[in-house]
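Asker: Okay, so the sequence shown: first residue is 22 according to this note's numbering, each after it adds one.
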Amino acid sequence: MAEARYDARESQHTDPILEKGVIGMATKKKAAKKKVAKKKTAAKRKPNAAFMKPMTPSAALGAVIGSNAMPRTEVTKKIWAYIKRNKLQDTKNKRNINADDKLKEVFGGKKQVSMFEMTKLVSKHLR
22 MAEARYDARE
32 SQHTDPILEK
42 GVIGMATKKK
52 AAKKKVAKKK
62 TAAKRKPNAA
72 FMKPMTPSAA
82 LGAVIGSNAM
92 PRTEVTKKIW
102 AYIKRNKLQD
112 TKNKRNINAD
122 DKLKEVFGGK
132 KQVSMFEMTK
142 LVSKHLR
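#1: For Ser-144, which of helix, strand or coil comes out of DSSP?
#2: List the endpoints of the continuous alpha helix (DSSP H) containing Ala-84.
#3: From this set, Lys-115, Leu-147, Met-73, which residue's C-alpha is nearest Phe-128's C-alpha?
#4: Quick check: does the Cβ of Leu-142 come within less than 6 Å of any heavy atom belonging to the ligand NAP?
#5: Please confirm whether Thr-94 and Phe-72 have their CB atoms less than 7 Å apart.
#6: Taking Thr-77 as the reference, give the member of Pro-92, Val-85, Lys-65 with the closest Cα.
#7: Please look up how many angstroms separate the CB atoms of Pro-75 and Ala-90, rounded, as I've assumed it's under 8 Å.
#8: Within 10 angstroms of its Cβ, does Ala-80 collect 16 or more other Cβ (buried), or is it exposed?
#9: Once the 5 residues before and after Gln-133 are set aside, which same chain residues still bring their CB inside 8 Å of it?
#10: Mind checking whether Ala-84 and Lys-123 have CB atoms under 7 Å apart?
#11: Output yes or no for whether 7 Å exceeds the beta carbon distance between Ile-86 and Lys-99.
So this is what it looks like as structure tokens:
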């Protein structure tokens, strides 16, 4: 009796990967595309009404920025313009402001304040 020999080439079942000669190599699969939701157009930010409300400066602050009523944002801009025009920023630490005679009244007699403390001290002079 003749033994039946198994021949892979004659097999009914053929593997397409084996036919191509790619044995043991992984195949890349394309990732499914995710649907990206369209972003809603952001509404423009409304200015904060508290910052835009005209405030009247005190006499001491009025000597520095003028006596006209203006919003807090403008007050801060004008104070910084005064500080830079008169070169009152500390040369070593630009966050500190060296007060002159006019600013000493606004800063409560302090010779030097930080820029963060300045806004707190200035707010006391606005009505």
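A virtual CB, placed ideally from N, CA and C, is assigned to each residue, including glycine. Here the structure is a predicted model, which is why all the values come from computation and not from measurement.
Answerer: Working from what's here:
#1: Per DSSP, reduced to three states, the secondary structure at Ser-144 is helical.
#2: That run of the alpha helix (DSSP H) goes 80–86.
#3: The residue from Lys-115, Leu-147, Met-73 with its alpha-carbon nearest to that of Phe-128 is Leu-147.
#4: Only the bare structure without any ligand can be found here, which leaves the ligand NAP out of the picture.
#5: Yes, they are a contact pair.
#6: Considering only Pro-92, Val-85, Lys-65, the residue with the shortest C-alpha distance to Thr-77 is Pro-92.
#7: Confirmed, Cβ separation roughly 4 Å.
#8: Counting other Cβ atoms within 10 Å of its Cβ, Ala-80 stays below 16 and is therefore classed as exposed.
#9: Cβ within range, chain order: Asp-111, Asn-117, Ile-118, Asn-119, Ala-120.
#10: Less than 7 Å divides the Cβ of Ala-84 from the Cβ of Lys-123.
#11: Lys-99 is positioned such that its CB atom lies closer than 7 Å to that of Ile-86.
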